[in-house]
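So the structure is just underneath, and the comments pick up after that.
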Amino acid sequence: MYLGDSLRVAAQRPDYMGWIFSPRSARRVSADAARLQIHEIRLKYPEIRHVGVFAFNPAVEVRQI
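In this note's numbering, the protein residues as written are 2 to 66.
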């Protein structure tokens with residue numbers, strides 16, 4: 002997902018935004034990309050909460066993210 006897309010979603014003021022980290026998903030976002038986008042979103046929309054979605058990820062990867 003690109004930053005512009007994420008900001009358009011955030012502009013709708015959802016309660017939560019989900020970030021897909023599953024290696025089997027076509028919607029997967031890297032941890033670095035998610036970090037950058039979440040940072041930018043929080044500057045403008047600090048009330049939005051962010052959740053990670055994991056499936057088939059090694060436990061060590063989940064803990065790192």
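The beta carbon of each residue, even a glycine, is placed where N, CA and C say it ideally should be. Since we're looking at a predicted model, the values are computed, not measured.
message: Is it buried or exposed, Phe57, if we count other Cβ atoms within 10 angstroms and call 16 or more buried?
response: It counts as exposed.
message: On a Cα-Cα basis, can you pick out the residue from Ile39, Arg25, His51 that is closest to Gly5?
response: The shortest C-alpha separation from Gly5 is found at Ile39.
field: Residue range of the alpha helix (DSSP H) that includes Ile49
entry: Careful: Ile49 lies outside any alpha helix (DSSP H) and carries neither H nor E.
The ligand HEM heavy atom lying under 7 Å from the CB of Glu48: The ligand HEM is absent from the structure shown, which contains no ligands of any kind.
- request: Please name the residue or residues paired with Tyr17 in a DSSP beta bridge.
  value: Within the DSSP secondary-structure output, Tyr17 pairs in a beta bridge with Arg50.
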